[in-house]
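The sequence shown begins at 5 in the working numbering and counts up one residue at a time.
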Amino acid sequence: MLLNGATIITVDPGRRIFRRGALVARADRIAAVGPADEVLRAYPDEEQIDLAGKLIIPGLVDTHVHEAQAMIRDCADDMALVQWLCERVWVLQGSYDHEDGVVSARLCIAEMLRSGTTTFLESGLAHRYGFDGVAQVVVDTGIRACLTKKVMDIATYATQDNAMPMGLRETREESLLTTLDMFDRWDGAADGRIHVGFGPRTPGGVSPELYREMVSEARSRGMEITMHLAEIEADRQFLRQTYQMSPVEFARSVGLVGPDVVLVHMVWIDDQDIRILAETGTSVSHNPSSNSKLGSGVCPVPKLLAAGVNVALGCDGGPSNNTYDLLAEMKLAALVHKAVSRDPTVVPAETVLEMATINGAKALRWEHEIGSLEVGKKADLVVVDRERAHMAPGLNPVSSLVYASTGADVDSVMVDGRWLVRDGRLLTIDEERAVAQARERAGRLYRSTGIDPGPRWPVL
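Next up, the structure:
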């Protein structure tokens, strides 16, 4: 098929933008992309779809997603992280069954697809959520994913002893060995759309010995690893007190640095940490909404970028962000660093779009297949409607995209050359049913745990 007449932001090595462009998708690959006149001459008999007034961008890559948290998105607003985690989020998630995991994953993926995310990195599924069921949702919905399984052997969180409820605790055998089983079962499934990796808990939840064993297993199989690190000050304090190391020094000591590692949040790090990240080719997932909402602080993205660290973008989870809209996340990623540095030139719109596309693809070691619109790459793309008041006049399409658009502006989404969203309608998920199931299941969870997430104001 030939997509004709749209403005195309390629994010290719030359960062070319075609004002009136065209793109040809054949099977699951991009066969041509360029000025519309040239592409039309080369492919005169191709079926055409008129996308005049639209913007085409590479599919967005969300490098930090908690699928299981979509169903409990408003359970713990306006709380500090430790209270938020120990009194609300973990209590609810510790009551999940496999069907809850499936329902939450379907709701999460519906939102991500509707808002332009075509690839995501799951942060670490608990055994009780049911990995098989979640993986099947990925297969059925057509999205691309790196699914990681939680690894742990200690029930603490940083300085909080025995903080994790019994329902979420796992042994080495339940976490590590189950992940290897899931790798054998699902890695490469769905025509290569699924990768399986490790999602170890943050330091304090995993012994150094288990980290090293996990890293060895991952490297022998070529698996990705992602881990929360240095999200709040207590994380750094714990590592200083326990191991006399900074966060990234500790990560390096157990092998958790390198091109196959995505470290998430990275708020409480110093210049030496940044040097190690740069030297080892470790990627960072920046989650500005989550860090802002939980009062965790601000990741030093300008310093990371200046040092040559690959920085990608993530939405995190429902209770810490309340949306999985990576388009909306881009705006805060551009603005927050200008505010804290009082320098309006840092982290420009173009850099943020790279973080959400090609940098995310690189973090997942998928940059040769996705992250930009180039001949031979996978046909993963997003069509955004530019014919709206808040996008006009749109003389700079990158600026309009980053500073003015949200997921509500997404018109269509393609993965592997297949439309998953068309004209604003989900094609692989019954959205009405997904929402209804999530509401019913969430209500049951709240009743069983005695948690009331309702408003502080009286409801009459």
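Glycine residues also receive a C-beta, built at the ideal position from the N, C-alpha and C atoms. Note that the structure is a prediction, hence the values are computed from the model and not measured.
Asked	Found
For the beta strand (DSSP E) that contains ASP54, what are its first and last residues?	52–54
Within this structure, are the beta carbons of THR361 and PRO62 separated by less than 9 Å?	yes
Starting from TRP88, follow its DSSP beta bridges and name the residues at the other end.	Partner(s): none; TRP88 has no beta bridge.
Rounded C-beta distance between VAL37 and LEU6? I'm assuming under 8 Å.	So it is not a contact: roughly 11 Å between Cβ atoms.
Let me make sure I understand the geometry here. Which of ILE455, GLY321, THR152 and PRO207 has the alpha-carbon closest to that of ALA238?	PRO207
Among LEU267, SER220 and MET218, which residue has its Cα nearest to the Cα of ALA234?	LEU267
What first and last residue would you give for the alpha helix (DSSP H) that runs through HIS341?	330–345
Report the CB separation of ALA367 from THR67 in whole angstroms; it is logged as a contact under 8 Å.	5 Å
Considering only the alpha carbon of each residue, which of PRO304, ASP389 and GLY428 lies closest to VAL351?	PRO304
Once the 5 residues before and after ARG23 are set aside, which same chain residues still bring their CB inside 6 Å of it?	THR11
Whole angstroms are fine: how far does the CA of VAL463 sit from the CA of VAL288?	42 Å
If you draw a straight line from the alpha carbon of GLY209 to that of ASP195, how long is it in whole angstroms?	34 Å
Considering Cα atoms alone, identify which of ASP420, GLY171 and ASN295 is closest to ILE34.	ASP420
MET170 and ARG205 look like a contact to me (Cβ under 8 Å); what is the Cβ gap, rounded to whole Å?	Not quite, the Cβ-Cβ distance comes to about 15 Å (not below 8 Å), so this is no contact.
Just checking, does the region 125–139 make contact with the region 183–195 on the three C-beta pairs under 8 Å criterion?	yes
Considering just the uninterrupted stretch of the beta strand (DSSP E) at ARG33, what are its terminal residues?	33–39
Could you compute how far the alpha carbon of PRO292 sits from the alpha carbon of THR355?	15 Å
Under the three-state reduction of DSSP, which class applies to PRO397: helix, strand or coil?	coil
Run the CB neighbour count on ASP104, radius 10 Å, all protein chains shown included, and call it buried at 16 or more, exposed below.	buried
Pick from GLU358, VAL425 and ASP389: whose alpha carbon is nearest that of VAL374?	Just to set this straight, residue 374 is Ile in the shown sequence, not Val. Nearest C-alpha to ILE374: GLU358.
Quick check for students: name the residue ranges of the alpha helix (DSSP H) that lie wholly in the region 180–220, counting only runs of 4 or more.	182–190 and 193–196
Quick one: what's CYS150 bridged to in DSSP?	LEU125 and HIS199
Can you give the beta carbon distance from LEU330 to LEU339, rounded, assuming they're within the 8 Å contact cut?	15 Å between Cβ atoms; not a contact.
Should the region 139–149 be called in touch with the region 78–89, which here means at least 3 C-beta pairs below 8 Å?	no
Does the beta-carbon of LEU399 have 16 or more other beta-carbons within 10 angstroms, so that it is buried, or is it exposed?	exposed
Whole angstroms is fine: what's the gap from ALA442's alpha carbon to ALA80's?	17 Å
Given that a residue counts as buried once 16 or more other Cβ atoms are within 10 Å of its Cβ, and exposed if not, what is HIS269?	buried
Could you name the residues of the same chain whose beta carbon sits closer than 7 Å to that of LEU321, not counting the 5 residues immediately before and after it, in chain order?	Residue 321 is actually Gly in this sequence, not Leu. Here the set comprises HIS70 and GLN73.
For GLU50, is the classification buried or exposed, using 16 other Cβ atoms within 10 angstroms of its Cβ as the cut-off for buried?	buried
So if DSSP puts ASN8 in a beta bridge, which residue, or which two residues, is it bridged to?	ALA26 and ASP54
Anyone know if the C-beta pair for ALA40 and ASN8 falls short of 9 Å?	yes
For MET249, which of helix, strand or coil comes out of DSSP?	coil
Quick one: any contact between the region 381–399 and the region 294–312, if contact means 3 or more CB pairs under 8 Å?	no
Alpha carbon to alpha carbon, how far is ARG422 from SER296? Give it in angstroms, no decimals.	36 Å
Hey, how far is the Cα of ASP54 from the Cα of GLU378?	20 Å
Identify the continuous alpha helix (DSSP H) that holds LEU267 and give its terminal residues.	Run containing LEU267: none in the alpha helix (DSSP H); it sits in the beta strand (DSSP E), 265–269.
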